[in-house]
Structures are given as C-alpha cells and as structure tokens.
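Protein chains in written order, with UniProt numbering: chain A, 1 to 226; chain B, 1 to 226.
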C-alpha cells in the first residue's frame, strides 16, 4: 500500500465513515440544540443586565461590572470544569450538557452586556431627553426609543462574539457531551481510525462556514454609519 | 450542607497548601505557552494581513477561504485533529507541537482579520505619499502603513490576545500540564474542588487588569466615534 493509499484509508475511509455517520449527525443536531440554548439564554441575560445597568443604581452597577469582568476574564473551559467537576463537592451534580450550557451562557451574557451597554451609552442623550419630554416613562423610552437604535448599532460585534462563543460548544466533549467532537472522538477510539474526526471537522465546517460568511455580510451591511 | 462544609470543599487552605506546587508549575506552563503562541499567531496574522493587500484573485479567494475555514473550525476540534489524527498519517506530534500548530492556524486567522481591518483603515493617500518619497512597497507597508494600522485596531488586538491566553486552557485536553490540567490533577488526587477554584482565581487575577484596560479602551473608542 502506498503512502497516499494509507493516508486515504486513514482519513477518508468510506466503510468507517458510513458506520459512524449517524452518530456524527446526532452530534450535529445536539451541537445545534446546545448552541441555540446558549444563544437564547446568553443574549437574554446580557440584555437584562444592560437594562438593569441603565437604571443607574450604583451598588447594582458595581455588581454587574464585576460579573461581566469575571466572565470575560475566565477561560470558558475553566468555568465548565468548575461547574462539572467542582459543583458535585457542594452536593450539586450538573450533566455535561447543563454545565456546558450554563458556562457558555454566562460567558455570552458578559460579552453581550458589555456590547449592548456600549450601544446604549453611544445613543445620543438628546434621544433620551426628547422621548422623556413627550411623556414616555423611563422604561418606555429605553424599550421603544433607545434600545432599538442601540441594538442596531451593535449588531456586528454582537454577531461576531455570539459566533465565537457558540463555537465553544466543542468544549462540551471534555465533559462527556456527545456533540460533534465528542461523537467523533468516540468513533475514533472504537474504530482505531481517524475518519470520524474528518467527518466531525467537516460537520463543523458545514455548520459554521455559512455562519462566518453571514457574520462577514452583517458586518458590512450594518457597519457604523454615523 | 453547612457553610463550613462548603468552605472545606472549595476554599480549603490545607488543600491549597498541598496543591500549590502543582498549580505553580501549571501557571508557569500557561505563561510559557502564552509567550509561545501569541507571537506565533501575530506572525501568522501579519502574513495573512499583508497578503490581503494583494488584490489578485488568485491570492484573494484562497486567502478568504483559508481565513474563513480556520475561523469556522472550533480551536479544540483543530487541536484534537492534529494531536489524535496526525499519528495515523505517520506523523507523531508532541502535545506542545500540536498546540503550537493549532494555535498558529486558528489565532493567525483571527489576528489576520484584525490586522486587515487595520490596514484598510489607513487612508490610501498614506501609501501613495510614502511611495512618492521613494520608499519601496515593502518599506511603505512596514514603516508607514502597519504602525498606523496597529494603532487603529489596538483594542481589537489586545482583546484577541486576551482570548488567546484564555484559550491556552484547551491544551489541558491533550495533557499539556498547564494551569487547568494541573488543577484537575490536584483535584483528582485530593478529592476536593479547591485546586480548580484556585486555578479560576489565578486566571481572574492574571487577566482582570487586561479586561479593565480593554473596557476603558473600548469606551474611549466609542466616545471618539460620536
């Protein structure tokens, strides 16, 4: 067998690929489910914190800034390890899926708060004053006047950050979540052949290349035009 | 569970004293790793950004495909592919080698995007003026364009570097004895969550100043835009 044949037999082995494809597809759907859960809860929590911060209560703001700094400074894998391997010591066991979801949601929350808050502060003060003077309450002003403008401004950085954090779902493989990478690694150790890894990498490329291109498009479409 | 039990499980001084030598080795490895992979990524990114100034389609399209491919692939997937996959092709790589290659490819693509945006932010007239004083194209890029480009995207460069340092924690998955790996080792020996908690605190203390700095730089950038 020539080197090239051996290479093909290792990385593009049709028999192994066929055998493990269903598991990679299962992993693919699990990755998407996990990603959607993280995006929903992370963005919602980030928006909630940004709104809370705009109330201007000083002790609350210190707490929010500390939380945001904390989850921007800690590596996601460290948070996952702490929740998955550490919490059982407190009598609380999370599944790998729950630990990964919670960790990445907290990270996305921190980045989303920071970005949305930047958008809120960048909205001209006159917008606030004009809206308030028409008789809108503080929350109405925030919800109907300021946030729509602020969110529009921060769509590009928010999209890019969301994509980057969503790719962290692969970290779930470390805590036994059988998302794409987890399924692929299991496949390699059963078959003694790296083809499942090739499939896994392909699955990620299929999933994320359109997302990366979408992010690129959004960046030019919603670029800062002031 | 009482407060004492909780403190004993997560903040035990005795355990910390016992685990400290192990954690200290891990911290040194993490710093060493960062000092290796950040320059690697910067070199890769500079090459990609300089290539992006060439507008020939035979350079442009492969370059874009390269950057999008490595931005789409989660770094952990790339790392596992290199570490667990390449031996099947007869290429044995050490954990450090796999991490270096993976980070070069992944973070290089990210640094490349940041630096490209920086180069594009420098007005065309700068290049023309530099060329007309007799500088070669390479000299103009190195002495006139790049310094301005770097200054324009400094917050993004620092932010990316922060992410790279955080990302070194995935090296624990291929058994490179950096901080998170050492903390997990210490945890499994002591049956106590204190080492992981300590690792998290170390990461936070190490990176918090960077997060603060970034927060200020980003606010200033935003204020400048108004």
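For each residue, glycine too, the CB sits at the ideal point set by N, CA and C.
>> Strictly under 7 Å for the Cβ-Cβ distance: is residue 205(A) near chain B by that measure?
In response: Nearest CB-CB separation between residue 205(A) and chain B: below the 7 Å threshold.
>> Could you tell me the alpha carbon to alpha carbon distance between residue 59(B) and residue 51(B), rounded to whole angstroms?
In response: Each residue's Cα considered, the two are about 7 Å apart.
> In terms of alpha-carbon separation, which member of 105(B), 192(B) and 214(B) lies closest to residue 9(B)?
Replying inline: Cα-wise, what sits closest to residue 9(B) is 192(B).
> What in chain A is Cβ-close to residue 197(B), meaning under 9 Å?
Replying inline: Near residue 197(B) (Cβ distances below 9 Å), the residues of chain A are 82 and 86.
> Between the stretch 155-188 of chain B and chain A, which residues of the former have a C-beta closer than 9 Å to a C-beta of the latter?
Replying inline: Residues 162, 163, 165, 166, 167, 168, 169, 170, 172, 173, 179, 180, 183, 184, 187 and 188.
>> Please identify the residue among 3(B), 41(B) and 16(B) whose C-alpha is closest to the C-alpha of residue 187(B).
In response: 16(B)
> Between residue 76(B) and chain E, is there a C-beta pair that is closer than 7 Å?
Replying inline: Absence of chain E from the displayed structure is noted, the protein chains being A and B.
> So, are the CB atoms of residue 210(B) and residue 157(B) less than 7 Å apart?
Replying inline: no
> Can you check whether the CB of residue 44(B) is closer than 7 Å to the CB of residue 104(B)?
Replying inline: yes
> Looking at the unbroken alpha helix (DSSP H) that takes in residue 3(A), where does it start and where does it end?
Replying inline: 3-11
> So is residue 23(B) in contact with chain A if we call contact Cβ pairs under 7 Å?
Replying inline: no
>> Measuring alpha carbon to alpha carbon, tell me which residue in 210(A), 218(A) and 194(A) is nearest residue 20(A).
In response: Checking every option, the nearest Cα to that of residue 20(A) belongs to 194(A).
> So, using beta-carbon positions, are residue 119(B) and residue 49(B) closer together than 7 Å?
Replying inline: yes
> Nearest to residue 12(B) by alpha carbon, out of 221(B), 198(B) and 78(B)?
Replying inline: 198(B)
> Among 6(A), 113(A), 156(A) and 182(A), which one has its Cα closest to the Cα of residue 168(A)?
Replying inline: Comparing alpha-carbon positions, the option among 6(A), 113(A), 156(A) and 182(A) lying closest to residue 168(A) turns out to be 182(A).
> Does the beta carbon of residue 14(B) come closer than 7 Å to any beta carbon on chain A?
Replying inline: Contact with chain A is absent for residue 14(B), since none of that chain's Cβ atoms lies less than 7 Å from the residue's Cβ.
> Where residue 176(B) and residue 73(B) are concerned, what is the direct C-alpha to C-alpha distance, given to the nearest angstrom?
Replying inline: Whole-angstrom Cα-Cα distance: 21 Å.
> Looking only at its own chain, which residues have a Cβ that is under 7 Å from the Cβ of residue 171(A), when we skip the five neighbours before and after it?
Replying inline: 76, 77, 80 and 100
> Can you list, in chain order, the stretches of the beta strand (DSSP E) that have 3 or more residues and sit fully within the stretch 120-148 of chain B?
Replying inline: none
> In this structure, does DSSP put residue 75(A) in helix, strand or coil?
Replying inline: DSSP places residue 75(A) in coil when its eight states are reduced to three.
>> Rounded to the nearest angstrom, what separates residue 117(B) and residue 110(B) at their Cα positions?
In response: Our two residues, residue 117(B) and residue 110(B), have alpha carbons roughly 11 Å apart in a direct line.
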